[in-house]
Structure formats: structure tokens, C-alpha cells
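Per UniProt numbering, the sequence shown runs over residues 1 to 73. Working notes, structure below.
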Amino acid sequence: MVDWRNHIVSTSDVLRGKPRIKGTRIPVSLILGYLAAGEPLEKIMAEFPGITKEQIAACLDYARELSEYEVAV
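In C-alpha cells:
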């Protein structure tokens, strides 16, 4: 299992604090959108040279952890 904390960062000076892949300006939400559309890992990595399968997995792990938070509606 990939620990997203090793690959995902959020700083107020880049992308207005949106979570992104460390060392890039690629937001986690963009990668999740590609995955939700059914795009294969190879296509995502070709679209964004330099990102790895582990970083993509970290995006999923980040989303999984966020989904565990309980919100009162």
C-alpha cells in the first residue's frame, strides 16, 4: 500500500493550496478525474511525463482517506 503523505503536498503558494503531486503542479483532482474516466495508467503517465504509478496510487490513497471522514448532513 502506498502512503499518500510521501507523494501528495498542499502549499498555499502553489495552486492556491490544492493537493498536488509533490514536485509538480499536477493537482490530485486532475489525476482522479482521469482515473474516473477509465483512462489507463500508461495513458496518464504519457500525458504527464515524470509521474509514476506510485504517485497515481498515492492519489487514490489520498481520496480513500478523505472518503473516511464523516460529515453530518
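From the three backbone atoms N, C-alpha and C, an ideal C-beta is built for every residue, glycine too. Quantities reported herein were computed from a predicted structural model and do not represent experimental measurements.
Glu-70 and Glu-47 have their C-alpha atoms spaced approximately 34 Å apart.
DSSP links Ile-8 through a beta bridge to Ile-21. In its own chain, leaving out the 5 sequence neighbours on each side, no residue places its CB closer than 6 Å to the CB of Ser-29. Secondary structure note for Ala-46: its alpha helix (DSSP H) is the uninterrupted segment 41-47.
Rounded to the nearest whole angstrom, the C-alpha separation of Ala-58 and Gly-50 is 15 Å. In the same chain as Asp-3, and ignoring 5 residues on each side of it, no C-beta atom comes closer than 6 Å to its own.
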